[in-house]
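*Asks:*
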Amino acid sequence: MSLLQHLSTTISSSSSAFLAHSNFNSRTKNVSLQAKRNSIFKCVAAVPKESQTAYKTNVSRNGNLAKLQAGYLFPEIGRRRAAHLLKYPDAQVISLGIGDTTEPIPEVITSAMRKRSQELSTLEGYSGYGAEQGEKSLRAAIASTFYTNLGIEDNDIFVSDGAKCDISRLQVVFGADVTMAVQDPSYPAYVDSSVIMGQTGQFQKDVQKFESIEYMKCTPENGFFPDLSGVARTDIIFFCSPNNPTGAAATREQLTQLVKFAKDNGSIIVYDSAYAMYMSEDNPRSIFEIPGAKEVAIETSSFSKYAGFTGVRLGWTVVPKELLFSDGFPVAKDFSRIVCTCFNGASNIAQAGGLACLSPEGFKAMHEVIGFYKENTDIIVETFNSLGFNVYGGKNAPYVWVHFPGRSSWDVFSEILEKTHVVTTPGSGFGPAGEGFVRVSAFGHRSNILEACKRFKQLYK
Ligand SMILES: Cc1ncc(COP(=O)(O)O)c(C=O)c1O
Numbered sequence: 001m002s003l004l005q006h007l008s009t010t011i012s013s014s015s016s017a018f019l020a021h022s023n024f025n026s027r028t029k030n031v032s033l034q035a036k037r038n039s040i041f042k043c044v045a046a047v048p049k050e051s052q053t054a055y056k057t058n059v060s061r062n063g064n065l066a067k068l069q070a071g072y073l074f075p076e077i078g079r080r081r082a083a084h085l086l087k088y089p090d091a092q093v094i095s096l097g098i099g100d101t102t103e104p105i106p107e108v109i110t111s112a113m114r115k116r117s118q119e120l121s122t123l124e125g126y127s128g129y130g131a132e133q134g135e136k137s138l139r140a141a142i143a144s145t146f147y148t149n150l151g152i153e154d155n156d157i158f159v160s161d162g163a164k165c166d167i168s169r170l171q172v173v174f175g176a177d178v179t180m181a182v183q184d185p186s187y188p189a190y191v192d193s194s195v196i197m198g199q200t201g202q203f204q205k206d207v208q209k210f211e212s213i214e215y216m217k218c219t220p221e222n223g224f225f226p227d228l229s230g231v232a233r234t235d236i237i238f239f240c241s242p243n244n245p246t247g248a249a250a251t252r253e254q255l256t257q258l259v260k261f262a263k264d265n266g267s268i269i270v271y272d273s274a275y276a277m278y279m280s281e282d283n284p285r286s287i288f289e290i291p292g293a294k295e296v297a298i299e300t301s302s303f304s305k306y307a308g309f310t311g312v313r314l315g316w317t318v319v320p321k322e323l324l325f326s327d328g329f330p331v332a333k334d335f336s337r338i339v340c341t342c343f344n345g346a347s348n349i350a351q352a353g354g355l356a357c358l359s360p361e362g363f364k365a366m367h368e369v370i371g372f373y374k375e376n377t378d379i380i381v382e383t384f385n386s387l388g389f390n391v392y393g394g395k396n397a398p399y400v401w402v403h404f405p406g407r408s409s410w411d412v413f414s415e416i417l418e419k420t421h422v423v424t425t426p427g428s429g430f431g432p433a434g435e436g437f438v439r440v441s442a443f444g445h446r447s448n449i450l451e452a453c454k455r456f457k458q459l460y461k
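So in the UniProt record's numbering, the last one in the sequence shown is 461, and the numbering has no gaps at all.
(1) Can you tell me whether I338 is helix, strand or coil according to DSSP?
(2) Checking the sheet assignment: what are the DSSP bridge partners for C218?
(3) Which one or two residues does DSSP pair with I268 in a beta bridge?
(4) With a threshold of 6 Å on Cβ separation, who are the neighbours of T256 within its own chain once the five nearest residues in sequence on each side are excluded?
(5) With three or more C-beta pairs closer than 8 Å as the rule, is the segment 308–320 touching the segment 291–300?
(6) Would you check if the distance between the CB atom of V339 and the CB atom of R169 is smaller than 8 Å?
(7) Which residue from A83, G393, G134 puts its Cα closest to that of A442?
(8) Could you check where the beta strand (DSSP E) with F325 kicks off and where it finishes?
(9) Can you look up S32 in the DSSP assignment and give me helix, strand or coil?
(10) If you draw a straight line from the C-alpha of S22 to the C-alpha of D90, how long is it?
(11) Looking at E253: is its Cβ nearer than 8 Å to the Cβ of T234?
(12) Which of the three DSSP states, helix, strand or coil, is assigned to S14?
(13) Compare the Cα-Cα distances from Y187 to each of P242, N390, Y88, W316 and report the closest residue.
(14) Helix, strand or coil: how does DSSP classify T383 here?
(15) Quick check: V422 and I94, are their CB atoms within less than 8 Å of each other?
(16) Can you tell me the Cα-Cα spacing of D166 and F329, whole angstroms?
(17) What's the C-alpha gap between F303 and T53?
(18) Enumerate, from N- to C-terminal direction, the unbroken alpha helix (DSSP H) stretches of 4 or more residues contained entirely within the segment 121–208.
(19) Can you name, in chain order, every residue of its own chain whose Cβ lies under 8 Å from the Cβ of A262, other than the five neighbours on each side?
(20) Can you list, in chain order, the residues of its chain with a C-beta nearer than 8 Å to that of A143? Leave out the 5 residues immediately preceding and following it.
(21) Three or more C-beta pairs closer than 8 Å, one from the segment 55–69 and one from the segment 197–204: is that the case here?
(22) Based on the DSSP output, what are the partners of G393 in its beta bridges?
(23) Which same chain residues end up closer than 7 Å to V191 when comparing Cβ atoms and leaving out the 5 residues on each side of it in sequence?
(24) CB-CB under 8 Å to G427, same chain, minus the five flanking residues each way: which ones, in chain order?
(25) Return the first residue and the last residue of the beta strand (DSSP E) that F437 is part of.
(26) What residue range is occupied by the uninterrupted beta strand (DSSP E) comprising I298?
(27) Smallest Cα separation from G266: which of K461, A189, S326?
(28) Quick check on the DSSP output: the beta strand (DSSP E) that includes T317 runs from which residue to which?
(29) Looking at Y187 and ligand 1, is the gap between the Cβ and the nearest heavy atom below 7 Å?
(30) S160 to A112, Cα distance in whole Å?
(31) Would you check if the distance between the CB atom of K305 and the CB atom of T102 is smaller than 8 Å?
(32) Which same chain residues, not among the five before or five after A189, have their C-beta less than 7 Å away from its C-beta?
(33) Let me know if R79 comes out buried or exposed under the rule of 16 or more other beta-carbons within 10 Å of its beta-carbon.
(34) Assuming P106 and A352 are in contact, meaning their beta carbons sit under 8 Å apart, how far apart are those beta carbons, in whole angstroms?
(35) How far does the alpha helix (DSSP H) with N348 in it extend, from its first residue to its last?
(36) If distances are taken between C-alpha atoms only, which option among Q171, Y275, L358 comes closest to S137?
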């Protein structure tokens with residue numbers, strides 16, 4: 001057995017033992033204890049010790065992957081959580097870190113998936129590969145639900161297995177020779193996929209940035225919107241609103257500035273609206289609400305955080321036919337080519353679920369689940385406010401961005417984990433401008449949110 005397998009087995013069996021133990025303890029009710037077994041110990045960039053003596057092939061490692069730092073943020077948090085469980089096997093660990101949904105998918109949605117899956121067992125109902133771009137009915141429902149009167153048509157929409165997967169597929173479309181900008185802090189998939197594609201230089205430890213990426217600082221000082229007058233031109237601009245991790249949502253004026261900036265520079269915006277349905281304030285829910293955006297923007301979104309589809313896997317990307325490369329070739333045609341080559345269409349069962357999400361009853365049910373998480377957000381915001389912290393986000397996104405001035409995010413993460421057994425996410429994991437912040441996710445059972453807030457109050461009173 002390799003060391004890796006050994007470590008995984010040790011952690012798995014120890015967390016199972018912990019689970020078995022916890023079943024005797026009524027206080028653990030509603031507290032999710034199971035360590036995520038997948039993804040632990042994956043994504044590590046350094047050569048593992050045991051492979052230094054093992055047989056080696058003659059294939060060189062992809063140098064771009066070697067540029068990545070330690071590991072993808074969330075597996076690293078999973079690793080620390082697992083280590084914490086080994087240290088404190090009786091701890092009632094609460095995860096408000098990774099941002100995974102916890103509440104059941106409404107019955108109106110799962111019953112549609114059940115029906116589609118049962119139909120697959122009949123001669124009449126069986127279907128195999130579908131259109132790579134998604135089923136026509138779902139593309140039409142997405143267009144009419146999320147892009148009403150915005151001039152987005154069914155065939156501008158590409159249904160997928162999630163926004164993260166589409167971010168990588170878009171990077172394959174762009175290739176290695178483009179330059180890119182990201183909000184700092186931002187969802188790590190933009191930077192990591194850019195590094196993997198070979199768009200960047202090495203990681204510069206002194207500034208905690210990759211060479212050739214333009215980091216657009218988003219902090220309380222600039223209202224979490226970059227000062228575009230100081231941003232260098234890049235080919236691609238990743239922009240997420242409402243933002244993960246800061247929770248900030250850009251206003252109409254700000255997005256108008258962004259679209260103008262892209263147009264003046266001949267850049268393409270990849271706009272991530274995965275949290276648009278969480279918006280309370282009257283900010284645009286789609287970049288296509290901004291006049292002229294169809295000529296400079298792509299939008300990616302997801303059912304993950306709307307309908308609890310993080311495991312079901314369903315998302316979409318809008319590539320308007322008006323968006324052209326410098327030679328006049330439509331970006332949508334290249335995206336379609338990549339989708340046909342690297343993907344084979346979203347699961348037909350998931351697509352039936354997506355269609356149900358967009359029925360009147362499904363849409364109402366989705367809003368109810370989102371409303372539940374928004375109440376969780378209010379509880380977390382109120383807790384940190386009452387403790388005297390400066391708290392951002394929360395209003396338009398299920399994330400609360402808490403400021404610990406002058407402190408290292410990983411230190412605060414470790415302090416909170418050590419003293420309260422609550423997993424959060426260190427802000428610096430999202431980019432250097434996240435240093436000094438911690439992100440608290442509102443995805444959790446209500447009892448866990450209340451318990452975590454009680455522990456925060458004990459720690460920081
Ligand atoms: C901003 C953002 N975009 C995309 C994703 C990934 O979504 P999906 O589950 O559809 O891949 C996430 C998930 O946390 C996210 O926060």
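Yeah, the Cβ is synthetic: ideal placement off N, Cα and C, and Gly gets one too.
*Replies:* On the basis of the supplied data:
(1) Looking at I338 - three-state DSSP - the assignment turns out to be helix.
(2) Answer is none; C218 lacks a bridge partner.
(3) Answer is I236, bridged to I268.
(4) Sequence-distant Cβ neighbours of T256 in its own chain, meaning closer than 6 Å and more than five residues away, are I290.
(5) They touch, by the three-pair rule.
(6) For V339 and R169, yes; Cβs fall inside 8 Å.
(7) Closest by alpha carbon: G393.
(8) Neither: F325 is in no beta strand (DSSP E) and is coded neither H nor E.
(9) Because the pLDDT of S32 is 42, which lies under 50, any placement of that residue in the model is unreliable, and the number read from its coordinates should be weighed accordingly. S32 falls in the coil class under three-state DSSP.
(10) Note that S22 scores 34 on pLDDT, short of 50, meaning its location in the model is unreliable; the coordinates nonetheless yield the value given after this. The alpha-carbon atoms of S22 and D90 are separated by roughly 8 Å.
(11) No, they are not a contact pair.
(12) Any reading at S14 needs caution, since the residue's pLDDT is 36, under 50, leaving its predicted position unreliable; the model's value is listed next. Three-state result, S14: helix.
(13) The shortest Cα separation from Y187 among P242, N390, Y88, W316 belongs to P242.
(14) T383 falls in the helix class under three-state DSSP.
(15) Closer than 8 Å, so yes.
(16) Answer to the nearest angstrom: the Cα atoms are 20 Å apart.
(17) For the pair F303 and T53, the Cα-to-Cα distance works out to about 45 Å.
(18) The alpha helix (DSSP H) runs lying completely inside the segment 121–208 and spanning 4 residues or more are 136–146, 163–174, 189–197, given in chain order.
(19) I237, I268, I269, V296, A297.
(20) Excluding its 5 nearest sequence neighbours in each direction, A143 has C-beta neighbours in its own chain below 8 Å: I152, E153, D154, D156, I157, listed in chain order.
(21) Touching, per the Cβ criterion.
(22) In the DSSP output, where bridge partners are listed per residue, G393 has V400.
(23) Closer than 7 Å at the Cβ level, and outside the excluded window around V191, lie V182, F210, I213.
(24) Closer than 8 Å at the Cβ level, and outside the excluded window around G427, lie P185, P245, W401, S409, G434, E435, G436, F437, V438, R439.
(25) From DSSP, the beta strand (DSSP E) with F437 extends over 437–441.
(26) Element bounds for I298: 297–302.
(27) With distances taken between Cα atoms, G266 lies closest to S326.
(28) Its beta strand (DSSP E) spans residues 315–318.
(29) Yes, the beta carbon of Y187 sits closer than 7 Å to at least one heavy atom of ligand 1.
(30) When only Cα atoms are considered, S160 and A112 end up about 18 Å apart.
(31) Going by C-beta atoms, K305 is not nearer than 8 Å to T102.
(32) Excluding positions up to five away in sequence, the list reads K164, I167.
(33) It is buried - the Cβ of R79 has at least 16 other Cβ atoms within 10 Å.
(34) About 14 Å separates the beta carbon of P106 from that of A352, a gap too long to meet the 8 Å contact definition.
(35) Unbroken alpha helix (DSSP H) run through N348: 348–357.
(36) With distances taken between CA atoms, S137 lies nearest to L358 out of Q171, Y275, L358.
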